[in-house]
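K.L.:
The listed protein sequences correspond, in order, to chains A and B. For the first sequence, my numbering assigns the number 59 to the initial residue and increments by one for each residue that follows. For the second sequence, my numbering assigns the number 59 to the initial residue and increments by one for each residue that follows. Even glycine gets a Cβ: it sits at the ideal position worked out from N, Cα and C.
Protein chains: 2
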Amino acid sequence: MKIIRHPVEMHEFSSALGKSGKTVGLVPTMGALHEGHASLIKTARQNCDVVVTSIFVNPIQFGPTEDFVKYPRPFDKDCGVAEANGCDIVFTPGEREMYPENFSTFVEVENITDSLCGASRPGHFRGVATVVLKFFNIVAPHVAVFGQKDAQQCLVIRRMTRDLNLPVRLVFAPTMREKDGLAMSSRNAYLSSSERRDAALIYKGLSAAENLYRAGERSSAVLCDAIRGIIGASSLLIVEYVEIADMETLASVTTLSTPSLAAVAVRTAASGTRLIDNVVLGGTF
Amino acid sequence: MKIIRHPVEMHEFSSALGKSGKTVGLVPTMGALHEGHASLIKTARQNCDVVVTSIFVNPIQFGPTEDFVKYPRPFDKDCGVAEANGCDIVFTPGEREMYPENFSTFVEVENITDSLCGASRPGHFRGVATVVLKFFNIVAPHVAVFGQKDAQQCLVIRRMTRDLNLPVRLVFAPTMREKDGLAMSSRNAYLSSSERRDAALIYKGLSAAENLYRAGERSSAVLCDAIRGIIGASSLLIVEYVEIADMETLASVTTLSTPSLAAVAVRTAASGTRLIDNVVLGGTF
Chain A
59 MKIIRHPVEM HEFSSALGKS GKTVGLVPTM GALHEGHASL IKTARQNCDV VVTSIFVNPI
119 QFGPTEDFVK YPRPFDKDCG VAEANGCDIV FTPGEREMYP ENFSTFVEVE NITDSLCGAS
179 RPGHFRGVAT VVLKFFNIVA PHVAVFGQKD AQQCLVIRRM TRDLNLPVRL VFAPTMREKD
239 GLAMSSRNAY LSSSERRDAA LIYKGLSAAE NLYRAGERSS AVLCDAIRGI IGASSLLIVE
299 YVEIADMETL ASVTTLSTPS LAAVAVRTAA SGTRLIDNVV LGGTF
Chain B
59 MKIIRHPVEM HEFSSALGKS GKTVGLVPTM GALHEGHASL IKTARQNCDV VVTSIFVNPI
119 QFGPTEDFVK YPRPFDKDCG VAEANGCDIV FTPGEREMYP ENFSTFVEVE NITDSLCGAS
179 RPGHFRGVAT VVLKFFNIVA PHVAVFGQKD AQQCLVIRRM TRDLNLPVRL VFAPTMREKD
239 GLAMSSRNAY LSSSERRDAA LIYKGLSAAE NLYRAGERSS AVLCDAIRGI IGASSLLIVE
299 YVEIADMETL ASVTTLSTPS LAAVAVRTAA SGTRLIDNVV LGGTF
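Take a look at the structure:
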């Protein structure tokens, strides 16, 4: 497995692959790779000749009070995970190469970034869209793979890709879960043992909503109350939002008639860890 | 010469050219082609195997009180000009293809869009950057050619291209001028005959500043006063701005020490036509 650190080298390498007729798959990550990332890399492996995993903790998608500095960066371990799952190239640029002096260009995806995580993380999706577009331009992938756990991110990137006519096929891979259902996340490492235990209630709530939906329930308020009720059993989890939103626009839904995203964000009371999860009701990504 | 109207067809055509080893040059225009555009097409012709001229009056770069509706659209004549100057493909997409329902992604280039034309045309450069990025993604050009008359546009696109790692080489071609020095512009057609006569004062002012600069003058105030003095001789021209700005940041300059842009915008009193022009002092684009 090759490690590339400079955007120009990455672009030249990837362009040469493209010219030789090989398809390139990109898995953009911030490192701290877990089984969820492994699944994305395997998905890219199945779809492309050459798999590039980018590892870059992107400063412009973190708010000033967020965990940019403490975000885990176990680079050698990450390379091991990437290689074991079929990655050919780890692309890990420096901050200065990605954001040179006087950097001033940003991609704004409007409307669908206003709700859910966008409401409490102003500028987050601007940072995500900008860095993903940069990676697309540097790596020139035929396919890019993202995890459904970051549902709003998936929809923002899908909208950006359509709106900006980006020549890349997007694949959204299912969320990988721990045995008790907790969605895998690099931030799970921040949890205390009691927070970790109660964090399983998030998916338990979402699963309850799925069951109610399958039984015919179409009221967003009823479904959200069910989720809140289950998560609310823990005093260690503070709900940031429980919402049901249209899969296309992310507008809030009152009565479910089209595929809808049931999405949750909680913050843990003690460690202040932010956890998100979601299920799609009546459809898929 | 081929005419392509759909982005997907354009992308497939251009990708096939790229794969066959041909270089593609793009000249993005809003039509109403004059000798300035002809010069851009010829420049692309000299730099590339295949020349694409896009003709699209881009709604999102016009303000609500601007001339989007009355902007000239002489499509058949434009095709004649394009073909006569060596264009291979005119790409002329529809508004609905460029901006489908729920279009919501925009490129913001900050700071250098605040001054000069950006100050009086909020959202203009956002619209320009967005449509140019879309054209880059659709046409996948190796080279793109822009006219130096739209100096701030050139610098915004240069910044965007660097910041977003766009794989395209930019060429900025010199401003073409009428015999009396007036910069060629599609908007010159709006001028009354007396406005047209007085409009020559704009470049006369800029030339006076160039002469003063060559003679050693480095005070921005003195150079701007000279330009204002000459343009002010006409009661038909209302100065919007006369500024000298750093070529890299477009920050206002007090004493010229690095390459600087002397830039002018005027509005004509009767027809309300907005005219811009510029020269670079102590450097080039």
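1. From A/SER173 to A/LEU308, what does the alpha carbon distance come to, in whole angstroms?
2. Does the segment 188 to 195 of chain A come close enough to the segment 122 to 135 of chain A that 3 or more CB-CB pairs lie under 8 Å?
3. Can you tell me which of the three DSSP states A/TYR299 falls into?
4. Taking Cβ positions only, does A/ASP172 come closer than 8 Å to chain B?
5. Between the Cα of B/SER318 and the Cα atoms of B/ILE296, B/ILE289, B/SER293 and B/CYS282, which residue gives the shortest distance?
6. Return the residue from the list B/VAL82, B/ALA266, B/THR233 and B/PRO232 that minimises the CA-CA distance to B/PHE193.
7. Given 8 Å as the limit, is there contact between the segment 175 to 183 of chain A and the segment 141 to 151 of chain A, that is, 3 or more CB pairs closer than that?
8. Whose C-alpha, out of B/PRO122, B/THR233 and B/ALA247, is nearest the C-alpha of B/ALA90?
9. Which partner residues does B/GLY205 have in the DSSP bridge list?
10. In the DSSP assignment, find the beta strand (DSSP E) that holds B/ARG325 and state where it starts and stops.
11. Could you tell me whether the segment 245 to 261 of chain A touches the segment 102 to 113 of chain A, where touching means 3 or more Cβ pairs closer than 8 Å?
12. Where B/GLY94 and A/GLU70 are concerned, what is the direct C-alpha to C-alpha distance, given to the nearest angstrom?
13. Residues of chain B with a CB under 9 Å from the CB of A/LYS192: which are they?
14. Let me see if you follow: with CB-CB separation under 8 Å, is A/ILE147 close to chain B or not?
15. Any chance you could list the beta strand (DSSP E) runs of at least 3 consecutive residues sitting entirely within the segment 144 to 211 of chain A, in chain order?
16. What residue range does the beta strand (DSSP E) around B/ASN105 cover?
17. Using a Cβ cut-off of 8 Å (strictly closer), state whether A/SER329 contacts chain B.
18. Pair every Cβ in the segment 199 to 208 of chain B with every Cβ in the segment 278 to 297 of chain B, then say whether three or more of these pairs are closer than 8 Å.
19. In three-state terms, what does DSSP make of A/ALA273?
20. Since B/PRO151 contacts B/PHE114 with CB under 8 Å, what's their CB separation in whole angstroms?
21. Quick check on A/ASN336: does DSSP put it in helix, strand or coil?
22. Here's the rule: buried if 16 or more other CB atoms are within 10 angstroms of the residue's CB, otherwise exposed. What is A/ILE99?
P.N.:
Quick answer:
1. 7 Å
2. no
3. strand
4. no
5. B/CYS282
6. B/VAL82
7. no
8. B/ALA247
9. B/ALA231
10. 318 to 326
11. no
12. 34 Å
13. ASP221, LEU222 and ASN223
14. no
15. 147 to 149, 163 to 167 and 201 to 205
16. Where B/ASN105 is concerned, there is no enclosing beta strand (DSSP E), although the alpha helix (DSSP H) it sits in stretches over 93 to 105.
17. no
18. no
19. coil
20. 6 Å
21. strand
22. buried
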